[in-house]
Amino acid sequence: MAPTSPLPKIHRFITAHDEEGKAIFSNKLDEESKLVPNSDGIAFALSYTTKGFPVSLDDDDDIDVYEGYLKEAPGLVVSGGTVLRHVDIPPNTACAMHRTVSLDYGCVLEGEVDLLLDSGEVRKMHRGDVAIQRGTMHQWINRSEKEWTRMLFVLQESKPLKVAGTTFGEHLAGMPGVRSSD
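For the sequence shown, this note's numbering begins at 15 and goes up steadily by one.
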């Protein structure tokens with residue numbers, strides 16, 4: 015059985031409007047963003063998702079889209095949308111080397127993590143550090159013996175990357191519980 019993250023629960027507060035147009039907090043969804051562990055212990059929380067540009071906020075259209083993805087989770091990226099995801103990585107754990115067809119902002123919220131690229135280059139990221147991941151093959155590695163890492167990712171679909179005449183697509187081989195993007 016995969017270990018459970020000891021890090022605090024994640025709460026997301028979605029704002030909305032009352033009938034007079036005043037800002038309120040939405041009560042349409044539970045405020046807890048639930049972490050779901052994979053077989054390797056890495057846990058994902060789908061904290062928000064949108065579809066379409068520009069996003070429609072009228073009549074809670076965006077919340078309805080997100081609610082649909084909570085019922086049937088998307089791949090790592092949403093075609094024509096954005097994904098806000100929390101990821102908890104247990105000690106001594108690495109995800110599979112992978113590539114998404116997206117522009118990703120990955121921020122370390124707790125702990126430390128190594129960002130390894132397929133070239134062999136690596137950067138140790140500390141709390142508050144941000145990686146701008148641009149369709150590269152990469153791997154996240156928590157080398158700590160005891161401490162968990164929590165990251166926050168914002169992903170936006172990109173055009174498939176072309177380098178020297180070669181087009182690179184999504185590559186998710188070996189990532190437990192992760193399906194291809196829609």
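For glycine and all other residues, C-beta sits at the position ideal for the given N, C-alpha and C.
DSSP lists no bridge partner for Glu-81.
For Lys-138, the uninterrupted beta strand (DSSP E) segment begins and ends at 136 to 139. Taken atom to atom, the span from the alpha-carbon of Arg-137 to that of Val-127 is near 8 Å.
With 16 or more other CB atoms across the displayed protein chains lying within 10 angstroms of its CB, Ala-59 is buried.
Bridge pairing for Leu-186: absent [DSSP]. Cβ-Cβ distances below 8 Å link Leu-21 to Asp-102, Glu-124, Trp-162, Arg-164 in the same chain, with the five nearest sequence neighbours on each side left out; the list follows chain order.
Only exposed fits His-25, as fewer than 16 other CB atoms lie within 10 angstroms of its CB. Fully enclosed beta strand (DSSP E) runs of no fewer than 3 residues occupy 57 to 65 of the stretch 46 to 91, in order along the chain.
Judged by their CB atoms, His-140 and Val-168 are not nearer to each other than the 8 Å cut-off. If you compare the alpha carbons of Ala-108, Phe-27, Glu-45 with that of Asn-52, the shortest gap goes to Ala-108. Rounded to the nearest whole angstrom, the C-alpha separation of Glu-171 and Met-151 is 16 Å. Cα atoms of Val-91 and Lys-173: separation of roughly 12 Å, rounded to the nearest angstrom.
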